[in-house]
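> Sending over a structure as structure tokens; questions will come in a sec.
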Amino acid sequence: MPLPTSKKDAGLGRAMINRKAKDAQNRSNSSYHTTDLINPSTGGVGLRSITQQTDLEEFLSTAQLADQNFTAERRNVTVVSAPDQMTGAKRGKNPLLPTQQEADETVRRQNENKQRLRIPRRPAWNSSTTPEQLHRLEADAFLDWRRNLAELAEANNFILTPFERNLEVWKQLWRVVERGQLIIQIVDARNPLRFRSEDLEKYVEELEVRLGQAGEDATFSSGKRRNLLLLNKADLLDEGQRQEWARYFTEKGIQFAFFSAANAAALQAARAEAEALEALDAQSGEEDEEDDDEEEDDEVREARKRAAAVTLGARDTKPLVGEEAAEHILLANREKIQRMLREEREAGQNDSVDAAMSTTAGQASLGSSKPSVTARDPAHVLNILELEELIVATMPPLEDFGVDEHRVSFIGFPNVGKSSTINALAKSKKVSVSSTPGKTKHFQTIKLSDNLTLVDCPGLVLPVFAITSAELVLDGVLPIDQLREYTAPADLLAARIPKDIIEGTYGFRIPIQHEEEGGSGQPTGLEVLTAYAIARGFARQGQGNPDESRAARYVFKDYVNAKLLFAHPPPGVDADAFNASQRAHARELLSGRK
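First residue of the sequence shown? That's 1 in UniProt numbering, and the numbers climb one at a time after it.
Below is the structure:
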């Protein structure tokens, strides 16, 4: 019996007709009349941030920069096996973490070689330099810079942050610095020295200002641009901690200021909400006032409970950011914010710069001499208006640059709050914000006023010394989702956060081995992760054992997002004493939550 045949007419002709009709519908989404802006000499990566490469990828990119070809040769292969790191290790001591003596010795050697930790410089050029010649000069200079860093790390066994390896991204930095007259380097206030690049400040000061018309060989002058170190997320530090850092930066002669982009966004949202409420109250009748007050009281009480939970880290989700955080803070602190708004209107913000740090009253005029690092209250966290006035007071005179507008450049590591700070200054969402490193791909300019422009640089991982890779994980420099070795960061976290605070934050008990049983009496990182995995039901597939690797990703992200809060002290200050007041406050809140 023959196989049944289809009654429908089918064939290649019908498929071609359907395809042509579909293409006609999608003609508006076609790729016609577009330009490929990716330079083929970059290997097709464009402005994609590259901070980590395998040995093969690094070899190929270096060969491409050197414009050389290589041919593989068959040779004898030698397998080198690393010794077992756990052999001879003491119980409770992670061999991947150095001892205090080893860490101090590493810091001493790093300080001796910090002048060699440089960022790449843009090579000199003039009007007769062709684009091809300039690209070759830039590639050669970049290749020499990478070679010098590799020699520094290998010769001294140093650990560096996974710095940017894409030349196109560094070109963005050069353009942002050249465009700005005031360069603001934004760092995380919990660990300012990890995110601060001293050589970037030197580069800003030594960069020459090109005077004259474009395309002409003109005169040059250096030392005109100014630096400002902005410690963002300063709301995570208490008054005493900010005083310690203010004393350190003052002694070093560094121009600095404390700021919180999250608080600024929340206050702006609260101001808009307060204005809307005032307009609504003016239109509403007397008969609705009692019901409205009753509903508002319930809403405020519920919001305060949620605020306490967020402060203590009672949630396992990521912290609120942006508009969600603004709305949350508004509901939890409605009365306080309304009082602040009334005081703001009464005072008129006339004394903003006097209250701001690192600016004196006699130097608040535009174009004055370089402000000194003295202030009435150096630990003050600036609000958005105070930051604006500080920027204006710190700007160098326009006559030194031969332009007719002020430009402020923002530079920093990914996820330190550059775009959030610019959005707060612009009072609306001008720049895309994300917790994913590398969200800003190209430098952007935002007009703040007729004579002031903000320039946002893509998040750039600058080369900075580190003692261990575990520190880079907890600082949010290394991607947590791609982490393989989690025991060292876990041990470091367990040493920084007290056991009772971890237990109170997550709501579980951590079984430990006491000293009489051969333990240290303090939880190890593995014990913390095991307790978390059991409490959350994380188990390895097919085994039923706790999945510490999955638990590590959650706990490390909570640490980076300040759910588990630890602030690094200035050099020479004990970490436990530096964090004592915050830990006492956390314990007080935890005891009140029970």
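Quick reminder that beta carbons are idealized off the backbone N, C-alpha and C, glycines included.
Spatial neighbours of Lys427 within its chain, please: CB distance less than 7 Å, with the 5 preceding and 5 following residues excluded, ordered by chain position.
Once the five neighbours on either side are set aside, the close Cβ partners of Lys427 are Gln268.
> Relative to the C-alpha of Asn383, which candidate in Ser469, Ser260, Gly504, Ser581 has its C-alpha closest?
Selected option, being the one with the closest Cα: Ser260.
> Report the rounded CA-to-CA distance for Lys20 versus Thr530, giving the unit in angstroms.
The alpha-carbon atoms of Lys20 and Thr530 are separated by roughly 59 Å.
> Restricting to Cα atoms, I'd like to know which of Pro131, Thr524, Phe566 is closest to Glu515.
The shortest C-alpha separation from Glu515 is found at Thr524.
> Excluding the five sequence neighbours on either side, which residues of its own chain have a C-beta within less than 7 Å of the C-beta of Lys370, listed in chain order?
Caution is warranted here: a pLDDT of 44 is assigned to Lys370, below 50, making its placement in the model unreliable, and the coordinate value is therefore given only provisionally. Excluding residues within five positions, the ones whose Cβ falls inside 7 Å are Arg226.
> Taking all protein chains shown into account, do 16 or more other C-beta atoms lie within 10 angstroms of the C-beta of Ile411, making it buried, or fewer, making it exposed?
Label assigned to Ile411: buried.
> Would you give the residue range spanned by the alpha helix (DSSP H) that Ile446 belongs to?
Where Ile446 is concerned, there is no enclosing alpha helix (DSSP H), although the beta strand (DSSP E) it sits in stretches over 444 to 449.
> With respect to the beta strand (DSSP E) encompassing His406, which residues constitute its N-terminal and C-terminal limits?
Per DSSP, His406 belongs to the beta strand (DSSP E) from 406 to 412.
> Run through DSSP, which three-state label would Asn227 get?
If DSSP states are grouped into helix, strand and coil, Asn227 belongs with the strands.
> Verify whether the separation of the beta carbon atoms of Val416 and Val187 is less than 8 Å.
In contact: Val416 and Val187 (Cβ atoms closer than 8 Å).
> Taking the C-alpha atoms as reference points, what is the distance between Asp481 and Tyr506?
Spanning the two alpha carbons is a distance of roughly 21 Å.
> Measure the CB-CB distance between Val461 and Phe413 and report whether it falls below 8 Å.
Yes.
> Hey, would you say Leu231 sits closer than 8 Å to Ala266, going by beta carbons?
No. Outside cutoff.
> Can you name the start and end residues of the alpha helix (DSSP H) that Phe142 belongs to?
It spans 131 to 156 - the alpha helix (DSSP H) in which Phe142 sits, taken as one unbroken run.
> I'd like the span of the alpha helix (DSSP H) that includes Thr250, first residue to last.
It spans 239 to 252 - the alpha helix (DSSP H) in which Thr250 sits, taken as one unbroken run.
> On the three-state DSSP scale, how would you describe Phe538?
Note: Phe538 maps to coil in three-state DSSP.
> Exposed or buried, Gly180, counting other C-beta atoms within 10 Å across all chains shown (16 or more means buried)?
Per the 10 Å Cβ criterion, buried.
> Per DSSP, which one or two residues make a beta bridge with Asp188?
Per DSSP, Asn232.
> Rounding to the nearest angstrom, what Cα-Cα distance links Leu167 and Arg496 in this structure?
Rounded to the nearest angstrom, the two C-alpha atoms are 37 Å apart.
> Suppose contacts are defined by Cβ-Cβ distances below 8 Å. Is Thr468 in contact with Leu160 by that definition?
Not a contact, by the Cβ cut-off of 8 Å.
> Could you tell me the alpha carbon to alpha carbon distance between Leu492 and Asn157, rounded to whole angstroms?
Each residue's Cα considered, the two are about 21 Å apart.
> Beta-carbon within less than 6 Å of Val464's beta-carbon, same chain only, minus the 5 sequence neighbours each way: which residues are those?
Once the five neighbours on either side are set aside, the close Cβ partners of Val464 are Thr161.
> Return the Cβ separation of Pro498 and Arg583 in integer angstroms, given the expectation that the two are a contact with Cβ distance under 8 Å.
Pro498 to Arg583, Cβ: 6 Å. Contact.
> What is the residue span of the alpha helix (DSSP H) that Asp491 lies within?
Looking at the DSSP string, the run of the alpha helix (DSSP H) that includes Asp491 is 487 to 496.
> Nearest to Gln115 by alpha carbon, out of Gln100, Ala139, Leu200, Gln444?
That would be Leu200, whose Cα lies nearest to the Cα of Gln115.
> Who are the Cβ neighbours of Val477 in its own chain at under 6 Å, not counting the five residues just before and after it?
The answer, listed in chain order, is Thr161.
> Have a look at the DSSP bridge pairing and note the partners of Phe259.
Answer is Leu382, bridged to Phe259.
> Please report the straight-line C-alpha distance between Glu527 and Ser520, rounded to a whole angstrom.
Rounded to the nearest angstrom, the two C-alpha atoms are 12 Å apart.
> By how many angstroms is the C-alpha of Glu405 removed from the C-alpha of Glu208?
If I take the Cα positions, the gap works out to 18 Å.
> Since residue 597 and Ser420 should fall inside the 8 Å C-beta cutoff, what is the C-beta to C-beta distance between them, to a whole number of angstroms?
Residue coverage of the chain in this structure runs from 1 to 594, which leaves residue 597 outside it and unanswerable.
> What do you get for Glu548, buried or exposed, if any count of 16 or more other CB atoms within 10 angstroms of its CB means buried?
Looking at its Cβ environment, which holds 16 or more other Cβ atoms inside 10 Å, Glu548 is buried.
> Do you know whose CA, among Ser581, Arg122, Glu102, lies nearest Leu134's CA?
Of the candidates Ser581, Arg122, Glu102, the one whose C-alpha sits nearest the C-alpha of Leu134 is Arg122.
> Across which residues does DSSP place Phe465 in a beta bridge pair?
DSSP lists Leu160 as partners of Phe465.
> Rounded C-beta distance between Glu569 and Phe578? I'm assuming under 8 Å.
Position check: residue 569 holds Pro in this sequence, whereas Glu was assumed. At roughly 4 Å, the Cβ-Cβ gap stays under 8 Å, so Pro569 and Phe578 are in contact.
> What span of residues does the beta strand (DSSP E) with Ser97 cover, start to end?
The displayed chain sequence assigns Leu, not Ser, to residue 97. Looking at the DSSP string, Leu97 is not in any beta strand (DSSP E), and its letter there is neither H nor E.
> Helix, strand or coil for Leu574 per DSSP?
For the sequence presented, residue 574 should be read as Asp rather than Leu. In the structure shown, Asp574 sits in coil (DSSP, three-state: anything other than H, G, I, E or B).
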